[in-house]
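Under the working numbering, residues -17 to 486 are what the sequence shown spells out, in order. Note that the Cβ used here is the ideal one computed from N, Cα and C, for glycine as well. These notes concern the structure reproduced below.
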Amino acid sequence: MTRPFPLTAALLALTLGCSYGEADKFRVIWNKTPESCATIGWCQVDGDPVGVRFIELDSQREGVGEIAERGLDHVTSHLDIDSYFVRLTGLKPDTLYQFQVLDSNHENDALTFRTAPAGAGEFSFVAGGDSRNHRDARQRANRTVALLQPLFVCFGGDMINRSSEGEWRDWLDDWQLTRSSDGHMVPIIAARGNHEGKHDIHAFFDTPNPDDYYAVQFGGDYLRVYTLNSNITRAGSQGQWLAQDLAANEGSHWKIAHYHHPFYPHQSGKREQHAQYNAWAPLFFKHGVELAVECDSHVVKRTWPLRPSTEPGSEMGFIRDDQNGTTFIGEGCWGAPLRANDDDKVWTRASGSFNQVNWIQVTPEKLTTRTVKVDSIDDVTGAIDPADPFKIPEGLEIWEPESGAAVTVLPLGDREIPIITARLKLIATEDQATGGTAVRMERAGGRVGEDYQIRYTLDGGEPVATSDLYTRPVPVGAAVRVRAALFRGAEIVTEPVEIEIGGE
Ligand SMILES: [Fe+2]
């Protein structure tokens, strides 16, 4: 048994609130397989970076085996901030490691992190984003992470307001508040928002792809976390990668996505992201993504499980489907200016406007997501019980909307439900035979199978299963109101659309 290197420097620095030795702005980053890999990132106050030494700790926090050392793997210089990275590999799963950044002349803080379990583990993670502008709220949210001690954090972008050296230095310093009092660091999985520069996330978090979309695989085929980039083309190479990766990982028990822009924000001033919906929503449904974390609007929302649809009862291309749908949560309140939640949909489960992070507990049977109000975090008297880490600490303020404090998400198995995202277009055209007016009816903007039919009326009445079947442009002599809808057999599957046409 080996004594680990002392924690004194870390404890002293945290207690005194002073700078953290000669290296600072520490990050533990996950971007691949967190049961065996972790990237340590940091900046130097002075001195030259050398690498990292690390050792496994047992349950008594005693060192096990030999202390290992590893030199620098990667250096980035961005916005006048130099970041140094050591990519640790070959780690043991579900194991506490102590590490210390080595430089030319100082004894830096001894910190710890834990690797992910090898199989179907039980753990929690925190997800959220939008920490720009208000440092006090951001710091409270960071202290919430320190209190909850999740396995990792999914951060969905807009860390900073302007992509500048000063703002990033502040953010990286504030991130140290996610450390617990005994120097434990929570790994981050970082996504890009619209306030980051194109290279920020890649430079500061050593993401595996300069375009910042990638997947992190937990526990073999247990959980796959998709980090997507809503600030570049959603279809294109990103969409192709997502389709291929989801198809190649069908066996993953849980699939979770996080990214910056919501498909359809709960803030009326925010733009609807139709292209993102078209590129990603059918994939989420087809491959059973159970949970999606969205950001950007600075409001709070949670939806019922949703599948893409234009059926009656749908809104913005989604309909509630408790058995088969993706649950969406969000939308980013980690310190950004709060906005009004003034754009609920029929499928909104609850919405609000307050500073918060999402706390998600993962077991093989279910995901349980709660919204933690962070403004009162400094009044919390309790702490996470390591023996019962899902127990809510005494005094922690959990949002309790009418629909319930906790959202339970169940695994999505194989499904044979058609995706209906098609809309109908009615177009006035010329009748080839008479030169008069005719109406052409087309499917647009989506997909349907072969067994779908268009039925219509010419008197403004509701199309039903016995209405005329559309086969070719319909001549209209007098002025009429045409109404049409898509059917599968006797079942109407889209809202009717209409056009007034004809007559002179
Ligand atoms: Fe944003």
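Item                                                                                                                                     : Value
Selected residue, minimal CA-CA separation from asparagine 87, among His242, Asp30, Gly471                                               : Asp30
Local conformation of glycine 395 per DSSP, three classes                                                                                : coil
Segment contact, 8 Å Cβ cut-off, at least three pairs: the region 350 to 357 with the region 382 to 395                                  : yes
Contacts around threonine 476, its chain only, beta-carbon distance under 6 Å, and the 5 residues preceding and following it disregarded : Thr292, Ala467, Leu468
Those runs of the alpha helix (DSSP H) which lie wholly inside the region 257 to 320 and span at least 4 residues                        : none
Cβ pair isoleucine 214, phenylalanine 187 closer than 9 Å                                                                                : no
Proline 73 vs cysteine 136 beta-carbon contact at 9 Å                                                                                    : It is leucine, not proline, that sits at residue 73 in the sequence shown. Taking 9 Å as the Cβ cut-off, leucine 73 and cysteine 136 do not qualify as a contacting pair.
Secondary structure of histidine 184, DSSP reduced to three states                                                                       : helix
Segment limits, beta strand (DSSP E) that includes threonine 411                                                                         : 405 to 412
Element boundaries [alpha helix (DSSP H), containing glycine 221]                                                                        : 218 to 230
Sub-9 Å separation of proline 319 and asparagine 115 beta-carbons                                                                        : yes
Distance between alanine 217 and valine 328 (C-alpha atoms, nearest Å)                                                                   : 27 Å
Inter-residue spacing [alpha-carbon to alpha-carbon] between isoleucine 22 and glycine 201                                               : 21 Å
Secondary structure of glutamate 147, DSSP reduced to three states                                                                       : helix
Other residues of its chain near histidine 235: CB distance less than 8 Å, five sequence neighbours each side excluded                   : Ala102, Asp203, Tyr204, Leu205, Pro346, Pro393
Completely contained beta strand (DSSP E) runs for the region 73 to 155, where each covers 3 or more residues                            : 78 to 85, 89 to 96, 105 to 110, 134 to 137
Rounded separation between asparagine 340 and threonine 285 - CA only                                                                    : 14 Å
Where tryptophan 381 sits in the DSSP three-state scheme                                                                                 : coil
Nearest candidate by alpha-carbon position, reference alanine 92, set Gly307, Ala100, Leu78, Gly317                                      : Leu78
Secondary structure of tryptophan 12, DSSP reduced to three states                                                                       : coil
Coarse secondary structure for threonine 160, derived from DSSP in three states                                                          : helix
Between the CA atoms of histidine 184 and leucine 61 - distance to the nearest angstrom                                                  : 13 Å
Simplified DSSP assignment, three categories, for alanine 360                                                                            : The sequence as given places aspartate at residue 360; alanine does not occur at that position. In this structure, aspartate 360 counts as helix in the three-state DSSP scheme.
Helix, strand or coil at phenylalanine 67 according to DSSP, with G and I counted as helix                                               : strand
Beta-carbon proximity check, glutamate 494 vs serine 279, cutoff 9 Å                                                                     : Any answer about residue 494 is impossible in this case: the structure gives the chain only from -17 up to 486.
CA-to-CA distance, glutamate 444 to serine 561, given in whole angstroms                                                                 : Limits of the chain in this structure are -17 at one end and 486 at the other, which puts residue 561 out of reach.
Residue span of the beta strand (DSSP E) that contains glutamate 51, given as start and end                                              : 45 to 53
DSSP-derived helix/strand/coil call for alanine 466                                                                                      : strand
Nearest residue (CA-CA) to asparagine 124, options Pro75, Leu154, Glu147, Gln343                                                         : Leu154
Reduced DSSP category for histidine 248 - H, G, I as helix; E, B as strand; rest coil                                                    : coil
Near ligand 1: histidine 243 beta-carbon under 8 Å from a heavy atom                                                                     : yes
Spatial distance of methionine 167 from tyrosine 259 (CA atoms)                                                                          : 35 Å
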